[in-house]
Every structure is written in structure tokens, then in C-alpha cells.
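> Quick one: the structure is below, and I'll ask about it shortly.
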Amino acid sequence: MSEGRISGTESNAGGAPSGALERALGDLRALSEDIESCSVLSPAGDLQYSSHGPGVERARVAAMLGALVGLARRSARKEGKDLASQVRVRTEAGHLLMVGLEGGGTLVATTAPEARVGLVLYDMRNARVEIKKATGEVG
Amino acid sequence: MKRLFRGLLLVGALAGAVVMVKSYLQRTDSPGEEAVRIVFDDGATRSLASNTVEGQEFTDIAHKVLEIGV
Chain A
1 MSEGRISGTE
11 SNAGGAPSGA
21 LERALGDLRA
31 LSEDIESCSV
41 LSPAGDLQYS
51 SHGPGVERAR
61 VAAMLGALVG
71 LARRSARKEG
81 KDLASQVRVR
91 TEAGHLLMVG
101 LEGGGTLVAT
111 TAPEARVGLV
121 LYDMRNARVE
131 IKKATGEVG
Chain B
1001 MKRLFRGLLL
1011 VGALAGAVVM
1021 VKSYLQRTDS
1031 PGEEAVRIVF
1041 DDGATRSLAS
1051 NTVEGQEFTD
1061 IAHKVLEIGV
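Protein sequences, first through last, are from chains A and B.
Last residue of the first sequence: 139 (my numbering), numbering continuous.
Last residue of the second sequence: 1070 (my numbering), numbering continuous.
See the structure below:
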């Protein structure tokens, strides 16, 4: 099985999530209660799913996540690697976690500062198969 | 009076020393603080401290994302 990778180039809002994708992410959130919000970016940087409500913020979220994916790619190039498969950012407000999906998409989640980040990342990695199936339906 | 002045001088010197040691320890603690950990596709990892430019770029955006949620 090939490893999921964080890629993507630009971001924009768009694309209604499929029921399967919503279910897959709903299952992930039910399993990993430390997750406060989550989203899925397509390989092209489109926001395929966001737990955030629709509206202006959606485009803003897509742009910011696209920027983070870009930083991860730049860091990989700097190290002479192909791509990053997982990123964990710790701030005073909490953790931002990114896991690469097969095919080039990215699964993003946020948690509180005291969350068990290792467990959340484990659940995110395990959810990739279901998310891949679901995004296949979207595409 | 002379003894009181000496006592005050000693207390002041001690307080100053405590402040200096505290600020030194705070300054030496921060550089090692890890803010970002990246795992690459070959399993290698890279850690970025919060006081580096690259680490700061990640944390600045992540902080904004955390404020509004994804």
C-alpha cells in the first residue's frame, strides 16, 4: 500500500461533500473525540469537506490550509524528500494536524492544546482508506 | 541606621540576582521548544522550533486556522 502524501497547489472553496465523505469524517470524529474540527483538501487544493459551515470563512479556510500544505511541500524539498506525509503544528490555541491522503489530498484536523495528539494522528491515518473511497465517489 | 541600610542593600542585591537568573533561564528554555513536526514519505522526521522563521510561518497560519476552525 502506498503512503498518503501531502501535496496540492492552490486552494479555493467548492464542491459539495458526498454522503460517504461526511459519514467517513463523522465516524472519525466519533472515534477521536479530541478532534474539534476537520476538513479534506483535494489534490488540487479544493476544500472537499469542511466541518466549518458554508460561507465566506470556507474560502478563507481553504486558502490558509493551502498555504500550510505549500509550506510542508517546501520543507520536504528543502530536506531533499519527495513529499510530507504528516504534519503536526502546536500553538497556544491547540494543535493543527495534517495527514496526506492517497492520491494527493490532505486530511486536516484541529484539537485543543491538551489533546492526545498521537492517538488523533493514529485515527486520522486509519481513516484514510474510508476517505479515499469517499473522495473517489466525489471525483 | 547603618545596619538597616546594609540590610536593604543586601535584599536589593538578592532580588536583582533572582531576576537575572530567572530571565536567563527563560531565555535559554525557549530555543529548544518544538512547534512543528513533519514526517516525510520515507519516514524521516523534521522538527522546527517556534523561534525559527520556518516554524513561525507554520504556527502563525495554524493559529489563525485554530481560531476559526476547519
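Cβ atoms here follow ideal geometry from the backbone N, Cα and C, with glycine treated the same way.
Would you mind sorting Ala76 of chain A into buried or exposed? The rule is 16 or more other CB atoms within 10 Å of its CB.
It counts as buried.
> Taking the runs of the alpha helix (DSSP H) that are 4 residues or longer, which of them lie wholly in the region 45 to 78 of chain A?
Runs of the alpha helix (DSSP H) inside the region 45 to 78 of chain A: 56 to 78.
> Give a yes or no on whether 9 Å exceeds the smallest Cβ distance from Lys1053 of chain B to chain A.
A quick correction: the sequence has Val, not Lys, at residue 1053 of chain B. Closer than 9 Å: no.
> Scan the region 109 to 130 of chain A for residues whose Cβ lies nearer than 8 Å to a Cβ of chain B and list them as they occur along the chain.
Ala109, Thr110
> Would you say the beta carbon of Ala84 of chain A is closer than 8 Å to some non-hydrogen atom of the ligand PLP?
Absence of the ligand PLP is noted for the structure shown, with no ligands found whatsoever.
> Skipping 5 residues on each side, what residues in its chain have a beta carbon closer than 8 Å to that of Thr1059 of chain B?
Ala1035, Val1036, Ser1050
> For the region 37 to 56 of chain A, list every residue whose C-beta sits within 7 Å of some C-beta in chain B, in sequence order.
Ser37, Cys38, Ser39, Ser50, Ser51, His52
> With 9 Å set as the bound, which would you pick, yes or no: does the beta-carbon of Asp1029 of chain B sit closer than that to a beta-carbon of chain A?
With a pLDDT of 48 at Asp1029 of chain B, under the threshold of 50, the modelled position of this residue cannot be trusted, and the question is left open.
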